[in-house]
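Numbering (the numbering used here), first residue to last: 191 to 896.
Structure first, commentary second.
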Ligand SMILES: Nc1ncnc2c1ncn2[C@@H]1O[C@H](COP(=O)(O)OP(=O)(O)OP(=O)(O)O)[C@@H](O)[C@H]1O
């Protein structure tokens with residue numbers, strides 16, 4: 191079933207683990223295998239200080255088992271890893287979702303092997319691209335498809351275009367919608383996997399690679415291959431949409447410790463940069479995993495270019511797979527343990543995945559019905575023209591020569607020019623309308639983002655004021671807050687508040703820019719309208735031929751109709767944005783409610799523990815509160831809201847006097863799996879009514895196809 195535009199799905203980060211085989215160097219230094227795969231998901235890391243001959247009897251103090259979505263050891267082939275981690279992302283990318291696969295792990299653990307592979311054992315890049323092209327070729331949808339790729343490296347916090355290394359260092363830019371882009375990046379438009387592979391091999395030669403103590407061909411940079419799949423409907427107007435799916439494949443530089451890799455000088459500086467970005471990545475993973483998707487917690491992506499680029503992949507709009515790599519060697523125990531701990535945390539990250547439908551096409555697809563209305567209007571007008579010309583032929587046969595002369599005179603000269611002028615004025619107006627809609631949309635988003643940051647700041651200021659008040663009450667004296675603030679001795683402002691303050695300036699500047707653009711466009715639109723009406727006024731005077739005049743007037747009518755429809759479209763967009771703002775407010779209230787629930791429960795527990803006497807009114811309030819909680823009505827309302835606001839929900843009723851009447855309203859969910867339909871979810875609630883003296887239960891079913 192097709193997903194709806196702009197719909198978000200919860201998606202947990204998939205974390206895989208790959209343990210490579212022991213290498214010659216490790217065997218030479220007498221290393222033993224301490225990382226074992228137990229089953230398809232579980233691995234154990236044993237303590238190398240203990241006798242590891244018997245897996246079951248080793249000292250358990252530092253031994254730990256870890257669970258991942260999928261685990262591989264030295265027996266796994268490149269195909270096994272690809273199929274279990276990446277293959278099923280392809281359909282999503284074609285359907286317009288973003289996807290990211292990144293290889294993570296210490297230096298020499300096998301990241302490049304997994305991503306790029308060898309000629310004889312190609313890795314994820316080639317396998318993915320082959321399947322992607324095959325899937326596009328096999329697609330039965332009537333779509334024009336184009337694929338673009340770019341390949342960059344981040345080396346020492348600088349971005350280089352691996353497909354065009356002479357372009358120097360590139361800058362990261364964040365657009366008004368918060369999407370990160372690389373300014374000036376080369377995007378190759380390709381049509382097959384072989385071509386991409388040639389580009390990739392060329393690009394890879396440009397990658398900064400050196401021999402380190404830990405790996406002879408150690409990648410000193412993070413390499414990011416981005417493949418963009420853009421699809422456009424071949425059928426014009428109806429259901430026209432542009433789907434954009436982006437696939438990021440990231441081969442991270444190895445996590446390493448300078449002491450371990452015996453790096454000095456340049457290598458050590460590189461190591462510091464690599465570690466900085468890996469630390470930033472680890473911090474993001476920490477923050478995201480603690481946030482657990484519930485309460486908005488600040489995640490600092492800004493600390494490194496890598497995390498800024500992976501922002502969407504980690505906490506935003508992407509299906510993401512992290513393939514963690516470790517060596518099985520006892521000599522690499524510490525780094526393997528650190529890697530496993532981070533990979534374990536990463537499992538808690540939940541992403542919101544939204545299908546990327548470009549705004550313009552998104553509007554077009556939404557307004558299919560309006561376009562259909564327009565078409566029928568045009569058909570009606572054409573039929574009228576036919577009818578008119580038939581009537582004219584009948585009634586004005588005598589003047590036929592005169593009419594023909596006029597037609598010839600105008601159709602090749604002024605008439606064609608006027609027609610062209612009218613059409614181009616119309617096209618320009620449509621362009622302006624669309625740009626205006628985009629701007630309005632963008633402005634709303636900026637406004638919402640600004641409000642979000644302002645709320646974060648005001649929340650913090652409230653907390654700080656409360657903390658000060660509490661301190662004054664304890665010490666019994668009034669502190670000079672301004673002075674304290676000046677000296678910086680007050681409570682320290684958290685990083686997320688500082689970041690929110692920093693973000694507001696650029697957001698407001700962006701808003702001003704959009705408003706200015708909007709004003710200019712509105713003025714231009716007004717001028718275009720005046721121009722069109724002037725041309726239209728000229729028509730009846732210049733053209734004496736009835737049919738020609740009618741056709742042009744009707745053409746203008748069509749244009750007017752289309753303009754009106756565009757106005758409706760922009761109105762719908764505005765409403766959508768208002769709804770989103772409301773959703774945001776609901777979300778805030780929901781957070782506040784969760785907080786209040788916690789406080790109430792803790793207070794109640796405290797009262798009971800201490801055996802405190804509670805005033806009667808408060809007791810009543812408590813009962814009311816717990817009664818609402820126990821009947822679950824609030825959660826039901828929330829569920830109902832989420833469920834019914836989904837446009838795929840279909841409603842139907844069943845009135846029955848046979849089904850049991852519940853003495854209270856019932857709301858429940860039923861999940862039923864049908865062979866042909868897939869998973870179908872029903873929301874059922876009932877109420878009892880009297881129809882003609884008979885008590886009946888009215889069952890309201892809302893059906894949603896999952
Ligand atoms: N699963 C595997 N099977 C066979 N050989 C492997 C495997 N994984 C890695 N190797 C080999 O181990 C060596 C190091 O691997 P690779 O260069 O992929 O490590 P890396 O994690 O990318 O290191 P760095 O971060 O330093 O770039 C290479 O010679 C590679 O061919």
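Just so you know, even glycine gets a beta-carbon here, dropped at the ideal spot from N, CA and C.
Bear in mind the structure is a predicted one, so any value in this text is a computation, not a measurement.
Under the three-state reduction of DSSP, residue 387 is assigned to helix. Linking residue 324 to residue 275 through their CA atoms gives a straight-line distance of about 18 Å. Ranking 633, 393, 682 and 636 by CA distance to the CA of residue 655 puts 682 first. Ranked by how close their Cα comes to the Cα of residue 260, the residues 685, 780 and 533 have 533 in first place.
Pairing residue 415 with residue 315 gives a Cβ-Cβ distance under 8 Å. Here residue 793 carries a helix assignment [DSSP, helix/strand/coil]. Secondary structure note for residue 314: its alpha helix (DSSP H) is the uninterrupted segment 314 to 328. Residue 210 has its CB nearer than 7 Å to a heavy atom of ligand 1.
Rounded to whole angstroms, residue 514 and residue 792 show a C-alpha spacing of 40 Å. The Cβ neighbour count for residue 684, taken over all protein chains shown within 10 Å, is under 16; the residue is labelled exposed.
At a cut-off of 3 residues, the continuous stretches assigned as beta strand (DSSP E) that sit fully inside the region 263 to 317 are 289 to 294. Per DSSP, residue 364 is one residue of the beta strand (DSSP E) stretching across 359 to 364. Inter-residue distance for residue 307 and residue 222 is about 25 Å (C-alpha atoms, whole angstroms). In terms of Cβ geometry, residue 337 and residue 417 form a close pair [threshold 8 Å].
For residue 637, the shortest C-beta to heavy atom distance toward ligand 1 is 7 Å or greater.
In this chain, residue 526 is not harboured by any beta strand (DSSP E); it is covered by the alpha helix (DSSP H) spanning 523 to 536. Taking C-alpha positions only, residue 523 is separated from residue 782 by approximately 44 Å.
In the DSSP assignment, residue 499 falls within the unbroken alpha helix (DSSP H) covering 495 to 499.
Counted as a single uninterrupted DSSP element, the beta strand (DSSP E) harbouring residue 373 occupies residues 370 to 373. A residue is called buried when at least 16 other Cβ atoms come within 10 angstroms of its Cβ; residue 392 does not meet this threshold and is exposed. Take the alpha-carbon of residue 328 and the one of residue 608: they are about 47 Å apart. DSSP places residue 206 in the uninterrupted beta strand (DSSP E) bounded by 204 to 209.
By the Cβ-count criterion, residue 438 is buried, with 16 or more other Cβ atoms from all chains shown falling within 10 Å of its own Cβ. In the DSSP assignment, residue 803 forms no beta bridge with any residue.
Not one heavy atom of ligand 1 sits closer than 7 Å to the Cβ of residue 345.
Short of 6 Å from the beta carbon of residue 386, and not among the five residues preceding or following it, lie these beta carbons of its own chain, in chain order: 319, 339 and 380. The Cβ atoms of residue 207 and residue 292 do not sit closer than 8 Å to each other. Taking the Cβ atoms as the reference, residue 471 lies roughly 6 Å from residue 496, within the contact range of under 8 Å. At least one heavy atom of ligand 1 lies less than 7 Å from the C-beta of residue 213.
The Cβ atoms of residue 433 and residue 225 do not sit closer than 8 Å to each other. Secondary structure note for residue 218: its alpha helix (DSSP H) is the uninterrupted segment 214 to 218. Buried is the label assigned to residue 697, since at least 16 other Cβ atoms lie within 10 Å of its Cβ.
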